[in-house]
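In the working numbering, the protein residues as written are 243 to 490.
Written out as structure tokens, the structure is:
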């Protein structure tokens, strides 16, 4: 008798599991059908955030949507790639918001410096992407960037991006007038005419060397020596610094 009761319980459990699974499959199928094959969720509005230089009209033109498209049939990856074709858009995040909205978060390219090429200046972003020809007033906000050898320009621009957003080490990015990349070093020229040499190495090593430079610059400013220093070298001998004063 006990065996018969146990068998009955197992059958009831199996039946409940089957009913539960069938209900789940049915619900998922109905939801899938409602999302993709009905007119319950169609595009009526596109909300755009983060755009300052790129207008909403430009973004909508890149999307090339007429409205009324089934929301879940839209290829968000394709729409994102369309946005990235704009020279001022670095990336974008797009998401569906039921019942009828697309939300777009735009990440625009931000100028990092003025790249000198063929005796002309161009605003470039943190990846070295040319944004536009520089205006005379741009020199008030961005340093000149000169690249003599572009083999390691990715490391170079990563370092500049870190430097621009790092405010705790001296000299701060806003005090730099010109930045030069050569085959084996980075040369910084400050607005108070101090030339700084750094070896071209890994980004993490450059960050560490700049923390050493900060100690030197702090000493210089604390003792009011900024008008007397001409050169600071951290490239030779490696790991040590040489400070050269002007001849008065």
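Glycine included, every Cβ here is placed at the ideal spot set by N, Cα and C. In this text the structure is predicted, and so the values were computed from the model without any measurement.
Roughly how many whole angstroms lie between the Cα atoms of residue i and residue j?
i	j	result
residue 321	residue 380	33 Å
residue 357	residue 489	32 Å
residue 419	residue 325	33 Å
residue 411	residue 403	14 Å
residue 349	residue 413	28 Å
residue 391	residue 437	19 Å
residue 455	residue 399	19 Å
residue 299	residue 369	26 Å
residue 365	residue 453	27 Å
Just tell me which of the options has its CA closest to the CA of residue i.
i	options	result
residue 448	397, 349, 389, 346	397
residue 360	341, 332, 389, 349	389
residue 314	451, 404, 342	342
residue 327	371, 362, 393, 376	371
residue 395	405, 305, 425	425
residue 563	312, 347, 317, 487	No information on residue 563 is available, as it lies outside the stretch 243 to 490 that the chain covers here.
residue 307	446, 405, 287	287
residue 296	334, 393, 482, 446	334
residue 443	293, 393, 317, 408	393
Residue i and residue j: beta carbons closer than 8 Å?
i	j	result
residue 423	residue 373	no
residue 434	residue 472	no
residue 367	residue 353	yes
residue 323	residue 351	no
residue 401	residue 445	yes
Only counting the same chain, and skipping five residues up and downstream in sequence, which positions put a Cβ closer than 6 Å to that of residue i?
i	result
residue 345	289, 337, 339
residue 441	427, 477
residue 429	422, 439
residue 363	356, 376
Excluding the five sequence neighbours on either side, which residues of its own chain have a C-beta within less than 7 Å of the C-beta of residue i, listed in chain order?
i	result
residue 310	284, 285
residue 238	With the chain covering 243 to 490 only, the question about residue 238 has no answer from this structure.
residue 451	440, 476
If I measure Cβ to Cβ from residue i and keep anything under 8 Å in the same chain, skipping five residues before and after, which residues do I get?
i	result
residue 246	For residue 246, the predicted structure reports a pLDDT of 49, less than 50, and the residue's modelled location is therefore unreliable. A value from the coordinates is still provided. Excluding residues within five positions, none has a Cβ falling inside 8 Å.
residue 304	324, 325, 327, 328
residue 483	454, 455, 458, 474, 475, 476
residue 460	412
residue 291	345, 346, 347, 348
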